[in-house]
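Below is one structure, written out as structure tokens, with a few remarks after it.
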Amino acid sequence: MSQPSTGPVVELRHFSKWYGDVVAVADLSFELGPGVTGLLGPNGAGKTTTLKAITGLLHPSQGEALLFGRAISGDPMLYRAIGVVPDGDRLYPRLTVHSYVRLHAELHGLPKPGLAADRAIAEVGMEALAGRRLKGLSKGERQRTKVAGAIVHQPSLLVLDEPMTGMDPGQRARFIELIRLIADAGVTVLVSSHILGEVERLASQILVLVGGRLAASGDFHAIRDLMDDQPRTVVVRAGNARALAPGLIALPTTVAVEVDGDAIQARTRSVEAFATELPRLARAQGITLREIRTTDESLEQVFRYLVGRR
Amino acid sequence: MKGAPVVFRFSLGQLLAGRRLLVTGLLTTFPLVVPALLAAGSGRDPAGFTLDLFRALVLPVLLPVVALTFSTTTLGAEVRDGTVVNLMLKPIPRPGLLAAKYLAGVLATLVVLLPALAAAHLLAARGLGSTTLLAGMLAATTVGTLTYCALGVLLSLLFARALLVGLAYALLWEGALVSVAPSASSMSVRGYAEGVLASILTRSGLDFPARLGPLSATLLALVVTLLALVLAVRRLERMDFR
Amino acid sequence: MSELPAGAIYDRGYRHYDGPREGRSRRMQAIVTAGIRRCLGLKRNWKTKVVPFALLVGAFGPVFAFIGIRLLVGESVGQFLGYGRYLGIVALVLLLFAATAGPELLCPDRRQHVLALVFTRPVTRADYLAAKLAALLLVIGLVALVPLLVLFVGNTLTAPRAATYLREHAGDLGRILFAGGVLTVFYATVSLAVASLTERRSLATAGLLGTFLASSVVANIIFFTATSFPGRRWLTFLSLQGLPARFVDWVFGEAAPPGSLAAEAGFTGPAYLAALAVLTALALALLAWRISRLEP
Chain P
0 MSQPSTGPVV ELRHFSKWYG DVVAVADLSF ELGPGVTGLL GPNGAGKTTT LKAITGLLHP
60 SQGEALLFGR AISGDPMLYR AIGVVPDGDR LYPRLTVHSY VRLHAELHGL PKPGLAADRA
120 IAEVGMEALA GRRLKGLSKG ERQRTKVAGA IVHQPSLLVL DEPMTGMDPG QRARFIELIR
180 LIADAGVTVL VSSHILGEVE RLASQILVLV GGRLAASGDF HAIRDLMDDQ PRTVVVRAGN
240 ARALAPGLIA LPTTVAVEVD GDAIQARTRS VEAFATELPR LARAQGITLR EIRTTDESLE
300 QVFRYLVGRR
Chain H
0 MKGAPVVFRF SLGQLLAGRR LLVTGLLTTF PLVVPALLAA GSGRDPAGFT LDLFRALVLP
60 VLLPVVALTF STTTLGAEVR DGTVVNLMLK PIPRPGLLAA KYLAGVLATL VVLLPALAAA
120 HLLAARGLGS TTLLAGMLAA TTVGTLTYCA LGVLLSLLFA RALLVGLAYA LLWEGALVSV
180 APSASSMSVR GYAEGVLASI LTRSGLDFPA RLGPLSATLL ALVVTLLALV LAVRRLERMD
240 FR
Chain G
0 MSELPAGAIY DRGYRHYDGP REGRSRRMQA IVTAGIRRCL GLKRNWKTKV VPFALLVGAF
60 GPVFAFIGIR LLVGESVGQF LGYGRYLGIV ALVLLLFAAT AGPELLCPDR RQHVLALVFT
120 RPVTRADYLA AKLAALLLVI GLVALVPLLV LFVGNTLTAP RAATYLREHA GDLGRILFAG
180 GVLTVFYATV SLAVASLTER RSLATAGLLG TFLASSVVAN IIFFTATSFP GRRWLTFLSL
240 QGLPARFVDW VFGEAAPPGS LAAEAGFTGP AYLAALAVLT ALALALLAWR ISRLEP
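One line per chain: the protein sequences are P, H and G, in this order. If you're matching positions, the first sequence starts at 0 in numbering that gives the first Met the number 0 and goes up one per residue. If you're matching positions, the second sequence starts at 0 in numbering that gives the first Met the number 0 and goes up one per residue. If you're matching positions, the third sequence starts at 0 in numbering that gives the first Met the number 0 and goes up one per residue.
Here it is, written out as structure tokens:
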């Protein structure tokens, strides 16, 4: 299915949703492009609310949610290009895997629903279980079935709400592979999760929601760089590490320096300053640098920082 | 509009799946057929008997209970269970979606009620009997089904205990109206069905007094049905799904 | 600056509960209390209160209205419809209450798969059943007994000489308790039995209402149609809603409406009591069987 327009696939403009006095999401604005985007946030941050607004299951209290430039409510034909894996069970227990996926194909009006179902089931690796009733499947198998139902009509946007809850690590790894494959085929993917490790492996772009507001967006390495009041850890291995230490700690942006054999572990507020000074020091003293790297690039650092900031 | 017929077929299957058709069928057929069998041997005028049976059992109890049960479940249960999103996240226009669900409820109700009714009539008359009566009862049941089901679907989108609300209306309100304020029959689905039946029977010589004339009965039934369905579509379009 | 206190490390992690554990009666009481709250919609939002409270108003309203009138107008109003008549009028409210409260107690536990949670505690199925039944008895008793008791008390207090009235009408009190008690047990057991058949509350409610109402209509129709049917007088026992009504009539010394099925059938009061007992026993058996087959 081709996209009806160029421009961001998903766009939220000042989207807010409240229930009486409780504000679930406040003034959210962002744009989504191709590739995999992770929607992160602690429980209760408004991830599900945001996804439901994007997929048309909720109406905004204020603002708008646009897909391919059009508002989703009142335009059900947009669903031809979208696949959704919602949270929660939502499966008909007495259907088999095949009949469930085939139902989705038929609801989309696909000309050969049986074949489309077979293909989607193969894509998620559930061929062996195609004849089994949904009632008897494990959590991971159920989730994969839901994905099959969501991709059977080959959408250009796939939205998944916490798809990996209840999966064991093996199932998770396989699921991440599956999403990667789908994204590589050109589908725009939006995945929400509160499990950072998964999002790290899956998404190139992230959106962080905290308390109903957008706390950060973009590439998480770039976000990390922006967090300049958090010291970064740099590890240096050099010929004579200890000789470098005094010069490094003299830098005003250096917070701490640890020496252990030929390795220095330094914490600095400015990697740039550190990286400028280090080669000068090494050259001046004739010390060979063997390795320089930053170690705390993890999403968890970013996340904890963003959540803790409030 | 390709998805709507799929919704209809699927919903009908869900309503009548497994033992449901059997159980509902038996519970409906039994209280109609057994009296009919007994009446057949009693020498009482079969038309009069069947008419009494219809007026006392089908219209006040069986029709509303079956129609409201099916119509409140078809959409309401899916909304409550959360499975309705499987249907909502599809390129199906909402009016078509609602119509499919509504018609599934109507058809399920008719499948359960009409054969049982016909069987009772035929058994009591030991043959074809008065075809006018049969036609009248079937028509009245159909009109009642169409209206009750529309109300049921609307109620199921508004209340969690829609079936209870519907039954309270049908059993208490309509039941009380009959005895207390006959002129308010225009606000009772039972009244519409009775009006339809009476109009068909006028030429047959059977005595069936109804408070609504044929035109007003059908018109009111139509208006109420359409109004309920339109409101239901609006509600479907505007509601948030959990 | 004073000396800093010596340091201490407190183990504030997860601890085993070593305190007193209350016994079986407390467990059952918990189920009973929760059941009552659920039926009456207490501690919940207003929507769950609508149905039970509307029914309670239907049951208590006339009582309070009458007492009020009697207080204002005095003795001349005469006795209210009579306790038996009152039960007859309130019968539909009682049926609706039973038809909604019973399923409310049993069905959600199964539908929401909570039973696994309940049965991991040392609650036997018998205890579970007994507790649920107790809750329903209390709730239905609220409608079947309390309004009449209130009426009785109201009559006593507004009588010119309360003590005399009490002595003269003590029999009435006994009859109220007897009739109300039997009705409560009957409706509670049958309601729970039907509720145990399905997971969906609305289906159980619809089934109960449909069956009670349809059975009465069918009994009447067959009776008045099949005039040559032998043993047709036994049809009176087919009318589920009629059984309690005739029983109550007998307790309070009223006669069945002339020309009705019951009048023609000519059975005496105790026969209806026996029918109620049989049905209650059957319902109890069904209930016990279904509960024993419950899978957590």
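Ideal Cβ placement from N, Cα and C applies to all residues, glycine included. Just so we're clear, the structure is a prediction, and the values are computed from it rather than from any experiment.
Who are residue i's beta bridge partners in DSSP?
i	result
residue 258(P)	263(P)
residue 64(P)	11(P)
residue 30(P)	10(P)
residue 37(P)	190(P), 205(P)
residue 18(P)	21(P)
residue 217(P)	205(P)
residue 82(P)	157(P)
residue 112(H)	According to DSSP, residue 112(H) bridges with nothing at all.
residue 310(P)	There is simply no residue 310(P) to check, as chain P begins at 0 and stops at 309 in what is shown.
residue 288(P)	237(P)
residue 99(G)	DSSP lists no partner for residue 99(G).
residue 212(P)	209(P)
residue 141(H)	None, per the DSSP bridge assignment.
residue 232(P)	266(P)
residue 69(P)	66(P)
Give the interface partners of residue i over in chain G, defined as CB-CB distance under 7 Å, in chain order.
i	result
residue 48(H)	224
residue 20(H)	In chain order: nothing, as chain G lies at least about 14 Å away.
residue 237(H)	Residues of chain G passing the Cβ test: none, with the nearest at roughly 19 Å.
Only counting the same chain, and skipping five residues up and downstream in sequence, which positions put a Cβ closer than 6 Å to that of residue i?
i	result
residue 178(G)	247, 250
residue 173(H)	187, 189
residue 269(P)	252
residue 2(P)	Caution applies to residue 2(P), whose pLDDT of 46 falls short of 50 and renders its modelled position unreliable; the value that the coordinates give is listed next. The residues are 67, 155.
residue 19(H)	none
residue 140(G)	183
residue 292(G)	none
Name the chain G residues that come within less than 8 Å of residue i, Cβ to Cβ?
i	result
residue 68(H)	201, 202, 205
residue 144(H)	Near residue 144(H) there are no residues of chain G at all, since even the closest Cβ is about 16 Å away, more than 8 Å.
What residues of chain H sit near residue i, judged by a beta carbon separation below 7 Å?
i	result
residue 217(G)	30, 34, 56
residue 105(P)	5
residue 62(P)	By Cβ distance, chain H contributes nothing, its closest Cβ being about 15 Å from residue 62(P), past 7 Å.
residue 76(P)	90
residue 79(P)	90
residue 100(P)	Those within 7 Å of residue 100(P) in chain H number zero; the least Cβ separation is about 11 Å.
residue 99(G)	163
Might you give, ordered along the chain, the residues of its own chain that have their beta carbon closer than 7 Å to the beta carbon of residue i, omitting 5 neighbours on each side?
i	result
residue 1(G)	Only weak support is given to the placement of residue 1(G): the predicted model assigns it a pLDDT of 48, under 50, and the question is left unresolved by the model.
residue 305(P)	207, 209, 214, 215
Along chain P, which residues have their Cβ under 9 Å away from the Cβ of residue i?
i	result
residue 82(H)	88, 89, 90, 91
residue 75(H)	Those within 9 Å of residue 75(H) in chain P number zero; the least Cβ separation is about 16 Å.
In chain H, which residues lie less than 8 Å from residue i when you measure between Cβ atoms?
i	result
residue 304(P)	Within chain H, no residue comes near residue 304(P); the closest Cβ sits about 33 Å away, beyond 8 Å.
residue 58(P)	237, 239
Quick one: which chain G residues come within Cβ less than 9 Å of residue i?
i	result
residue 64(H)	205, 206, 208, 209, 212, 213
By Cβ distance below 8 Å, which residues in the same chain neighbour residue i in space, the five residues on each side in sequence not counted?
i	result
residue 279(G)	184, 185, 188, 189
residue 265(G)	232
residue 161(P)	46, 47, 86, 191, 192, 193
residue 53(P)	9, 11, 64, 66, 71, 158, 189
residue 109(H)	140, 141, 144
residue 0(P)	Reliability of the predicted coordinates at residue 0(P) is poor, the pLDDT of 44 falling under 50, and no value is obtained from them.
Which residues of chain H have a Cβ atom closer than 9 Å to the Cβ of residue i, listed in chain order?
i	result
residue 83(P)	84, 88
**Prompt:** Three or more C-beta pairs closer than 8 Å, one from the stretch 61-68 of chain H and one from the stretch 86-101 of chain H: is that the case here?
**Reply:** Contact between the stretch 61-68 of chain H and the stretch 86-101 of chain H is absent: fewer than three C-beta pairs spanning the two stretches fall below 8 Å.
**Study point:** At least three beta-carbon pairs within less than 8 Å, the stretch 211-231 of chain G to the stretch 124-141 of chain G
**Key:** Not touching, per the Cβ criterion.
*Do the stretch 66-78 of chain P and the stretch 174-186 of chain P make contact, defined as three or more Cβ pairs closer than 8 Å?*
Flag = no, the stretch 66-78 of chain P and the stretch 174-186 of chain P do not touch.
Please determine if the stretch 69-78 of chain H and the stretch 0-9 of chain H are in contact, where contact requires at least 3 C-beta pairs separated by less than 8 Å. Because the criterion of three Cβ pairs below 8 Å is not met, the stretch 69-78 of chain H and the stretch 0-9 of chain H do not touch.
With three or more beta-carbon pairs closer than 8 Å as the criterion, would you say the stretch 56-63 of chain P touches the stretch 6-19 of chain P? Yes, the stretch 56-63 of chain P touches the stretch 6-19 of chain P.
Exercise. Write down every uninterrupted run of the alpha helix (DSSP H) in the stretch 217-259 of chain G whose length is 4 residues or greater and which is fully enclosed by it, in chain order.
Key: Secondary structure in the stretch 217-259 of chain G: the alpha helix (DSSP H) runs of 4 residues or longer, each lying completely within the stretch, are 241-250 in chain order.
ask   = Which parts of the stretch 93-161 of chain P are runs of the alpha helix (DSSP H), unbroken and 4 residues or longer, counting only runs that do not cross its ends?
value = DSSP runs (the alpha helix (DSSP H)) wholly in the stretch 93-161 of chain P: 96-106, 112-122, 138-150.
Exercise for review: May I ask you to verify whether the stretch 140-148 of chain P touches the stretch 90-107 of chain P, counting CB pairs closer than 8 Å and requiring at least 3?
Suggested key: A contact exists between the stretch 140-148 of chain P and the stretch 90-107 of chain P.
Legend entry - Three or more C-beta pairs below 8 Å linking the stretch 84-100 of chain H and the stretch 3-22 of chain H: Yes: the two stretches touch, three or more of their Cβ pairs being nearer than 8 Å.
For the stretch 23-31 of chain H and the stretch 189-202 of chain G, state whether three or more C-beta atom pairs, one from each stretch, are separated by less than 8 Å.
Touching, no.
Fill in: Cβ contact check for the stretch 144-156 of chain H and the stretch 227-240 of chain H: 3 or more pairs under 8 Å
Taking a contact to require three or more Cβ pairs closer than 8 Å, the stretch 144-156 of chain H and the stretch 227-240 of chain H qualify as touching.
(Q) Does the stretch 129-140 of chain H come into contact with the stretch 46-55 of chain H, if we say contact requires no fewer than three beta-carbon pairs (one atom in each stretch) closer than 8 Å? (A) The stretch 129-140 of chain H is in contact with the stretch 46-55 of chain H.
Exercise for the section: Would you mind listing the alpha helix (DSSP H) stretches within the stretch 128-170 of chain G that are 4+ residues and don't spill past its ends, in chain order? Expected result: Complete alpha helix (DSSP H) runs here, min 4: 145-157, 161-167.
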